[in-house]
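Chemist: Questions regarding the structure given below will be posed in turn.
Residue numbers (the UniProt record's numbering): 1 to 388.
The structure is reproduced here in structure tokens:
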């Protein structure tokens, strides 16, 4: 079992829950990072006494260093890399939000670290590059160097333990349906931020909650699953499962299906990633199916939540398309949360950016960052142009 971890994004939803699980499992937290929530980072550091701290926003560096003069205190993107490659950590938990999680994952793998990955954007934008650098490292290690933390991918990962991947026919990703399940586009014209952030089953950060409402989150998970499990997007299906008890399924060539079930509690996939290849003591409530009673499934509404369809199309195109999809969506969600655009505009503007994109080959991290920056600028130009 893991003995020491660094947590990238310790003040976010996954980061806070990771700390809770680590304490229950007796795992030492040796590194913490936050973007700008320095107050919570200071509180966490006083409780956990880590060796190294990172605050990404440089203006908070003096305050953090003042509070911890005897610790290693770093800042900026390089600070995240310092945390990701910290020599005394057995496992790096990447709970960062957005493409900021890409480089720390790359550097952690290059440093031979095992990574518990909650940052979807790492594989959505850099899956091709990650696989390339992971392959020679993984060949020297009997245990996976990349372990999923997302509940859906953790479920698939668990279903595949002991199985030959060539026997996998199909991966089935489940989705709660979000706060607007059953609604049509006309019903979504006037929804506000408060409406969007009321997720029916999961307690998550704002960005991923908005992504769940537009369904692009599930599209990102399809792309992520392609790289995690070496499957074509044609072999990955999405099903709506409102109870959020079945976290995902794997169908095999003989027609049998494996599923992983639990109450919707992110601490369970976090615990699995921290304990792997063992299983830790239960930190989540045991499942009582007699109380659950019903498990229902339905197909997604691709017409209303058309970003899921667009995500599939981007997955098939590959190369630069997922990068542009992610960049446009990150900007759109930011604009929405700031009150600059409506909820339905997220889907409209992202679709327009993808429609205007002409694919580019991706051969390096620099390519990814340049394509990402260009897509963000195109998004801003599009929105500002329509407003003027």
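From the three backbone atoms N, C-alpha and C, an ideal C-beta is built for every residue, glycine too.
1. In the DSSP assignment, the beta strand (DSSP E) including residue 148 goes from what residue to what residue?
2. What residue from 334, 119, 93, 245 has the CA that sits closest to residue 294's CA?
3. Using CA coordinates, which residue listed in 306, 3, 222, 147 is at the minimum distance from residue 409?
4. If you count every other CB in all the chains shown that lies within 10 Å of the CB of residue 241, and 16 or more means buried, which is it?
5. Among the residues of its own chain, which have a CB less than 6 Å from the CB of residue 7, if the five just before and after it don't count?
6. Rounded to a whole number of angstroms, what is the C-alpha to C-alpha distance between residue 340 and residue 51?
7. Just to confirm my understanding: we take residue 281, look at its own chain, exclude 5 residues before and 5 after, and list those with CB closer than 8 Å. What are they?
8. Contact defined as beta carbons within less than 8 Å: I believe residue 179 pairs with residue 200. What is the distance between those atoms, to the nearest angstrom?
9. Ordered along the chain, which non-local residues of its own chain (more than five positions away) have a Cβ less than 7 Å from that of residue 156?
10. Tell me, to the nearest whole angstrom, how far the beta carbon of residue 322 is from that of residue 315; I am working on the premise that it is less than 8 Å.
11. Starting from the N-terminal side, write out each stretch of the alpha helix (DSSP H) that is 4 residues or longer and does not extend beyond the stretch 145-189.
12. Can you tell which of 125, 186, 137 has its C-alpha closest to the C-alpha of residue 115?
13. Around the C-beta of residue 296, are 16 or more other C-beta atoms found within 10 angstroms, so that it is buried, or is it exposed?
14. Under 8 Å, do residue 123 and residue 104 count as touching if we go by C-beta distance?
15. In whole angstroms, what separates the C-alpha of residue 265 from that of residue 335?
16. If the criterion is Cβ atoms closer than 8 Å, does the pair residue 274 and residue 85 meet it?
17. With a CB to CB cut of under 6 Å and the five nearest residues on each side skipped, what residues in its chain are close to residue 98?
18. What residue range is occupied by the uninterrupted beta strand (DSSP E) comprising residue 6?
19. Given a threshold of 16 other Cβ atoms within 10 Å of its Cβ, counted over all protein chains shown, does residue 262 qualify as buried or as exposed?
20. Determine whether the beta carbon atoms of residue 389 and residue 166 lie at a separation below 8 Å.
21. Inspect the beta-carbon positions of residue 9 and residue 95 and report whether they are closer than 8 Å.
22. DSSP three-state call for residue 346: helix, strand or coil?
23. So the beta strand (DSSP E) residue 114 belongs to, where does it begin and stop?
24. Could you spell out the range, first to last residue, of the alpha helix (DSSP H) harbouring residue 260?
25. What residues in its chain sit with their C-beta under 6 Å from that of residue 126, if we drop five residues either side in the sequence?
26. Taking the straight line between their C-alpha atoms, what separation do you get for residue 278 and residue 162?
27. Within 10 Å of its beta-carbon, does residue 87 have 16 or more other beta-carbons around it, so buried, or fewer, so exposed?
28. Less than 8 Å separating the beta-carbons of residue 379 and residue 307?
29. In terms of residue numbering, what span does the beta strand (DSSP E) encompassing residue 75 cover?
30. Where residue 254 and residue 352 are concerned, what is the direct C-alpha to C-alpha distance, given to the nearest angstrom?
31. On the criterion of 16 or more Cβ atoms from any shown chain inside 10 Å, does residue 381 qualify as buried, or is it exposed?
32. Do the CB positions of residue 310 and residue 346 come within less than 8 Å of each other?
33. Quick check on residue 252: does DSSP put it in helix, strand or coil?
34. Run the CB neighbour count on residue 164, radius 10 Å, all protein chains shown included, and call it buried at 16 or more, exposed below.
35. Which residues in the same chain have their Cβ closer than 6 Å to the Cβ of residue 173, if we skip the five residues on either side of it in sequence?
36. Please go through the same chain and pick out, in chain order, the residues whose beta-carbon is closer than 8 Å to the beta-carbon of residue 183, but skip the five residues on each side of it.
Modeler: Walking through what the data contain:
1. 146-148
2. 245
3. Residue 409 lies beyond the range of the chain shown here (1 to 388); nothing can be said about it.
4. buried
5. 15, 18, 32, 93
6. Straight-line spacing of the CA atoms in residue 340 and residue 51 works out to 41 Å.
7. 24, 25
8. The pair is a contact, with the Cβ atoms about 6 Å apart (cut-off 8 Å).
9. So the qualifying residues of the chain are 171, 225, 229, 248, 250.
10. 7 Å
11. 151-160
12. 137
13. Exposed: under 16 other Cβ atoms inside 10 Å.
14. no
15. Answer to the nearest angstrom: the Cα atoms are 29 Å apart.
16. no
17. Around residue 98: 121, 330.
18. For residue 6, the enclosing beta strand (DSSP E) begins and ends at 4-8.
19. Residue 262 counts as buried, since no fewer than 16 other beta carbons sit within 10 angstroms of its beta carbon.
20. Only positions 1 to 388 of the chain appear in the structure, and residue 389 is not among them; the question remains open.
21. yes
22. helix
23. 114-117
24. Counted as a single uninterrupted DSSP element, the stretch harbouring residue 260 is not any alpha helix (DSSP H) but the beta strand (DSSP E) occupying residues 257-261.
25. 102, 368
26. 14 Å
27. Sixteen is the threshold: since fewer than 16 other Cβ atoms of the shown chains lie within 10 Å of the Cβ of residue 87, the residue is exposed.
28. It is not a contact, given that the beta carbons lie outside the stated cut-off.
29. 72-75
30. 42 Å
31. exposed
32. no
33. strand
34. exposed
35. 152, 221, 238, 248
36. 304
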